[in-house]
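Asker: In the UniProt record's numbering, the protein residues as written are 1 to 1061.
C-beta: ideal position from N, C-alpha, C; glycine also.
Quick caveat, the model's predicted, so the values are computed rather than measured.
I have a structure here, written as structure tokens, and I will follow up with some questions on it.
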């Protein structure tokens, strides 16, 4: 957009609104962030910003209150800043929670509030009636014919009172699934269309709350009903419904050919302001186009693609085609947006407080599976409801959507909601239902330019209520999957106190309580497991061409670069920009390129990830760093390819990016073909397994490199917003990589594949189809790519690993840039493991002073050495490699067996001779009874010789040292776990992790334990116990936090804690 007034849009855009609505739940953006947004909107040719933060103090909860002088100054400065940039500032108010439409005093209050804002210079307003009680009060029923008539009356009156300014309305039925009974037959929508002033625009989210696609048919349908083209409130990139997801993919699923049919598009993006450059930039680019890229440039399925490929891997009918200036291709738009985003990482900014996203801790039943009628907007409402279901006409269902047994969907819901930190609700919504939004802390973004103030002293009048269970039909189409109604990220009062009391007692090594989970998985889902992945969608991602742009400031020509106030006067050095395909270049489809988004990938001939021999269908390869990058001056400098990886890992609500899919498919292939690593495994399959294992490890290292480079960014605000997501994913990747490294040892039974397959995962029948179809809202599938990867590991109790990520590293104590990584034990680790045992064996503290210098090995010989001797294959360590240089540019040698094997031995020094530091260990035995018998035969005699019983007569021995000596000589008579414990939990385990600051990763114990539990599961075990002294309070809480529960306490002072998995 030009410098023209926001009220006088340029001729080519005067009929189309394009901008951003800040309409999510959680912490609002700051004043400075909004001003920064205005500059970007101007630069990118957009023209509107809608102020509608759901949890801002006086927008919704306290909508009647006028702004104070201080708040008025901030709001006035925002409106002025928008005008300076040629952006139309639209002030939205949400009075629908408790307004009485027939009360003239209420209407006067509403007028006074909007009059005050108009005096600040605002010329555009909006009333939002989304996510409110759909029934009128008794007083309103006496005056108005219907709910729609009440809203129309108030809106028209306010519009006229303000002098008929630019005005928008968000209806209560704001998408097709909320229209009662259908869009065409909705009395509510038809009343709006006929009675609401034609000067007022109406917002609409599409077929769903979060719509995967918008079609000409659905737009024409709502236009006919509303008697005007809608303004799309687009929730494609909204993420306030899932604490684990952020969306960095491009704007897609909407053809630019829709633009003439719309009044405008406003994106309601991620809660994290700095993460929204790609969603907003690609929307702006989309709005400047008039055509979609040709259909054959989009993704095709694997079986079709393989038939078309030539020997060089190029699809002959997908040769590079020139794209016109006004043709929109979402993957090209993504690459161009990355160019815009990369310089932001080098702009020095300080981090603000944590992002508050709507994630409650509400003790409610799991997701009931019911047919969906009007759904609940994650970005417009977080509500619970109590009532019955309404029906959905089968004629309105999406054609071709398969029916799914509700027991399978229940399993899906149980799996996705199996996290104690994020329990979820789901019910249907009918017109007769009464529901209230969930309480959230009151926040104020209009009292500080750079901070959002949390005022806990002000109660939020929005009170949560519980949901009810609803009976299920035997079979329903996947298009009617449930909507989980989420609450706000706030502990209930009692729960918070309990958790706090626990955290006061236990060492900071652990994070959050962990409760054993028993999600009801359906056994027959294993039978329905579909191993055929011929329908993989190919993301033909083209490697980034030309000089790679590294993290740094850049010259942007005549448009001023957005800077923090302290940087405005500083010069900006010019750096090379990542070249993106233009009119003369287009994506090229190559073989072995796998994803689901549909751009092209070129595989260099010298790639170490070539497709030399495939046991299954051809899979994609990824270019090596040498192909993508020029040598870096700073090894920690972000480059465009890092951000491309970041975007693929956190892509869109209905699809994972190409590299995310690569990780999913590689890990699944490695586990299902793990038997090829047995000593008598087939040699060709073994070679292929090692090749894929090497590739998987390479991508894991790329993820860790991304985390390290992000941590070095000057923009700490941007880093703090991305850190929790990247940390979570890197933690899951470290866990999976540790398990794959254990599989490579080949120490498991031949039927390992049946033991380690997850019950309901991405590769289960119907899962991927339901995820990608867009037939249900995306919050049905919790956690994004990290959760899909984690579910591939067949350990059912997942809450300990999927807990919220720690906050971004603070100066004291510093967190590592990437999570600590578990791996299998090797003999060279024995000194470090024994040292950790000594530092923790006295109920979590050092016991070295209790033993004379010549008997320092006593504790380790008693507690951990038997495991290292008899079951080294079931021993794991976790290490901190923060101080070790990382050979980032080296891709794995895909065909070299030895190369892959060498990667496992992390005890070997890195480039500068520094070894990763082992900070914890976990050891186990499959059967405790057999383990004790083996000790009695082959270990105890040696220990009795090493530590003769006469040592107890020494005066310099502490009671603890004497007790250790007696342990060996009285071993046969020692108390053992009772049958009630060993019957259900036969395996025996011991685990120790150093406390901070030695271990800086608060989730390291959970990650380490889960890796070991997966190894036990591979050997057929599903229950494990640990034995501690009754006086070991630290260890009791340590194991409790890891999901263990006390199952037996003996008279002899022994406590047995067990866990099923």
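Which residue wins for smallest C-alpha separation from residue 241, given the options 248, 209, 223?
Answerer: Stepping through the chain shown from its first residue, residue 241 is reached at position 241. Considering only alpha carbons, the answer is 209.
Asker: Determine the direct distance from the alpha carbon of residue 195 to that of residue 163, and round the result to whole angstroms.
Answerer: As a working note, residue 163 is residue 163 in the chain shown. As a working note, residue 195 is residue 195 in the chain shown. Distance between the alpha carbons of residue 163 and residue 195 is about 18 angstroms.
Asker: Compare the Cα-Cα distances from residue 40 to each of 253, 285, 861, 145 and report the closest residue.
Answerer: Counting from one through the chain shown, the residue named residue 40 turns up at place 40. For the residues 253, 285, 861, 145, the minimum Cα distance to residue 40 belongs to 285.
Asker: Using 8 angstroms as the threshold, is the stretch 992 to 1012 in touch with the stretch 819 to 834, meaning 3 or more CB pairs across them?
Answerer: Taking 8 angstroms as the limit for Cβ pairs, the verdict is that the stretch 819 to 834 does touch the stretch 992 to 1012.
Asker: With C-beta atoms as the reference, is residue 737 less than 8 angstroms away from residue 697?
Answerer: In the chain shown, the residue the question calls residue 737 occupies position 737. In the chain shown, the residue the question calls residue 697 occupies position 697. Yes, the Cβ-Cβ distance between residue 737 and residue 697 is below 8 angstroms.
Asker: Can we say the stretch 105 to 115 touches the stretch 72 to 79, given the rule of at least three CB pairs closer than 8 angstroms?
Answerer: They do not touch, by the three-pair rule.
Asker: Pull up the CB-CB distance for residue 262 and residue 219, whole angstroms please, since I reckon it's below 8 angstroms.
Answerer: Within the chain shown, the letter at position 262 stands for residue 262. Within the chain shown, the letter at position 219 stands for residue 219. Sure, about 7 angstroms apart at Cβ, within 8 angstroms.
Asker: So, at 8 angstroms on beta carbons, what are the nonlocal neighbours of residue 795 in its own chain, with the 5 sequence-adjacent residues on each side left out?
Answerer: Your numbering for residue 795 matches position 795 in the chain shown. For residue 795, where only same-chain residues beyond five positions count, the Cβ hits under 8 angstroms are 1010, 1013, 1014, 1017, 1061.
Asker: Ignore the nearest five residues each way along the sequence and tell me which others in residue 192's own chain have a CB closer than 8 angstroms to its CB.
Answerer: Along the chain shown, read from residue 1 onward, the residue named residue 192 stands at position 192. 148, 151, 152, 169, 171, 202, 226.
Asker: In whole angstroms, give me the CA-to-CA distance for residue 975 and residue 831.
Answerer: Along the chain shown, read from residue 1 onward, the residue named residue 975 stands at position 975. Along the chain shown, read from residue 1 onward, the residue named residue 831 stands at position 831. Those two C-alpha atoms are separated by around 29 angstroms.
Asker: Strictly by DSSP, which residues pair up with residue 1054?
Answerer: Counting from one through the chain shown, the residue named residue 1054 turns up at place 1054. Its beta-bridge partners are 1029.
Asker: So, do the stretch 717 to 724 and the stretch 652 to 672 have three or more beta carbon pairs nearer to each other than 8 angstroms?
Answerer: As far as the Cβ criterion goes, the stretch 717 to 724 does not touch the stretch 652 to 672, which means the pair count is below three.
Asker: For residue 821, report the span of its alpha helix (DSSP H) as first-last.
Answerer: On the chain shown, residue 821 is found 821 positions in, with the first residue counted as 1. Taken as a continuous stretch (DSSP letters only), residue 821 belongs to no alpha helix (DSSP H), being part of the beta strand (DSSP E) at 821 to 824.
Asker: Is the stretch 694 to 710 in contact with the stretch 723 to 732, if contact means three or more CB pairs nearer than 8 angstroms?
Answerer: Touching, per the Cβ criterion.
Asker: Looking at residue 732 and residue 789, is the spacing between their C-beta atoms short of 8 angstroms?
Answerer: Within the chain shown, numbered from 1, the residue matching residue 789 stands at position 789. Within the chain shown, numbered from 1, the residue matching residue 732 stands at position 732. Result yes, Cβ atoms of residue 789 and residue 732 sit closer than 8 angstroms.
Asker: State buried or exposed for residue 983, treating a residue as buried only when at least 16 other CB atoms are found within 10 Å of its CB.
Answerer: Your numbering for residue 983 matches position 983 in the chain shown. Exposed, since its Cβ has fewer than 16 Cβ neighbours within 10 Å.
Asker: Do residue 167 and residue 125 have their CB atoms nearer than 8 angstroms?
Answerer: On the chain shown, residue 167 is found 167 positions in, with the first residue counted as 1. On the chain shown, residue 125 is found 125 positions in, with the first residue counted as 1. Result yes, Cβ atoms of residue 167 and residue 125 sit closer than 8 angstroms.
Asker: Does DSSP put residue 127 in a helix, a strand or coil?
Answerer: Here the question's residue 127 lines up with position 127 in the chain shown. Residue 127: strand per DSSP, three-state reduction.
Asker: Considering only their Cβ atoms, is the gap separating residue 90 from residue 46 smaller than 8 angstroms?
Answerer: The residue given as residue 46 occupies position 46 in the chain shown. The residue given as residue 90 occupies position 90 in the chain shown. For residue 46 and residue 90, no; Cβs fall outside 8 angstroms.
Asker: Thinking C-beta only, is residue 762 closer than 8 angstroms to residue 866?
Answerer: In the chain shown, counting from the first residue as 1, residue 866 sits at position 866. In the chain shown, counting from the first residue as 1, residue 762 sits at position 762. For residue 866 and residue 762, no; Cβs fall outside 8 angstroms.
Asker: What are the residues that DSSP puts in a beta bridge with residue 836?
Answerer: Indexing the chain shown from 1 puts residue 836 at position 836. Bridge partners of residue 836: none, in fact.
Asker: Short check: CB of residue 207 to CB of residue 247, under 8 angstroms?
Answerer: Working through the chain shown from its first residue, we reach residue 207 at position 207. Working through the chain shown from its first residue, we reach residue 247 at position 247. Contact: no.
Asker: For my contact list, residue 444 and residue 57 are in at a C-beta cut-off of 8 angstroms; report their separation, rounded to the angstrom.
Answerer: Locating residue 444 in the chain shown gives position 444, where the first residue counts as 1. Locating residue 57 in the chain shown gives position 57, where the first residue counts as 1. About 4 angstroms separates the two Cβ atoms, so the contact holds.
Asker: Shortest alpha-carbon distance to residue 59 belongs to which of 442, 921, 999?
Answerer: Here residue 59 refers to the residue found at position 59 of the chain shown. Ranking 442, 921, 999 by Cα distance to residue 59 puts 442 first.
Asker: Looking at the unbroken beta strand (DSSP E) that takes in residue 1048, where does it start and where does it end?
Answerer: Counting from one through the chain shown, the residue named residue 1048 turns up at place 1048. Unbroken beta strand (DSSP E) run through residue 1048: 1045 to 1049.
Asker: Answer yes or no: do residue 851 and residue 961 have a C-beta to C-beta separation smaller than 8 angstroms?
Answerer: Within the chain shown, residue 851 is the residue found at index 851, counting from 1. Within the chain shown, residue 961 is the residue found at index 961, counting from 1. Taking 8 angstroms as the Cβ cut-off, residue 851 and residue 961 qualify as a contacting pair.
Asker: Hey, out of 98, 79, 68, 341, whose CA is closest to residue 61's CA?
Answerer: The residue you call residue 61 lines up with position 61 of the chain shown. Considering only alpha carbons, the answer is 98.
Asker: Looking only at its chain, what residues have a beta carbon closer than 7 angstroms to the beta carbon of residue 702, apart from the 5 residues adjacent to it on each side?
Answerer: For the purposes of this step, residue 702 is taken as the residue at position 702 of the chain shown. So the qualifying residues of the chain are 645.
Asker: Going by DSSP, what residue range makes up the beta strand (DSSP E) through residue 168?
Answerer: On the chain shown, residue 168 is found 168 positions in, with the first residue counted as 1. Looking at the DSSP string, the run of the beta strand (DSSP E) that includes residue 168 is 166 to 170.
Asker: Residue 634 by DSSP, collapsed to three states: which one?
Answerer: As a first step, residue 634 is located in the chain shown; it is residue number 634 there, counting from the start. Coil, per DSSP.
Asker: Straight-line CA distance for residue 255 to residue 759?
Answerer: Taking the first residue of the chain shown as position 1, residue 255 is located at position 255. Taking the first residue of the chain shown as position 1, residue 759 is located at position 759. Approximately 38 angstroms between the Cα atoms of the pair.
Asker: With DSSP collapsed to three states, give me the class of residue 63.
Answerer: Here the question's residue 63 lines up with position 63 in the chain shown. The answer is coil: DSSP assigns residue 63 none of H, G, I, E or B.
Asker: Any chance you could list the beta strand (DSSP E) runs of at least 3 consecutive residues sitting entirely within the stretch 191 to 264, in chain order?
Answerer: Runs found: 200 to 204, 231 to 234.
Asker: Does DSSP classify residue 185 as helix, strand or coil?
Answerer: As a first step, residue 185 must be located in the chain shown, where it is residue number 185. Of the three classes helix, strand and coil, the one that applies to residue 185 here is coil, per DSSP.
Asker: State yes or no: is the C-beta of residue 30 within less than 8 angstroms of the C-beta of residue 452?
Answerer: Translated into positions along the chain shown, residue 30 becomes position 30. Translated into positions along the chain shown, residue 452 becomes position 452. Their beta carbons are under 8 angstroms apart, which means residue 30 touches residue 452 by this criterion.
Asker: Below 8 angstroms CB to CB, which residues in the same chain sit around residue 337 once its five sequence neighbours on both sides are set aside?
Answerer: For this step, residue 337 is matched to residue 337 along the chain shown. Correct list, in chain order: 250, 277, 278, 281, 282, 285.
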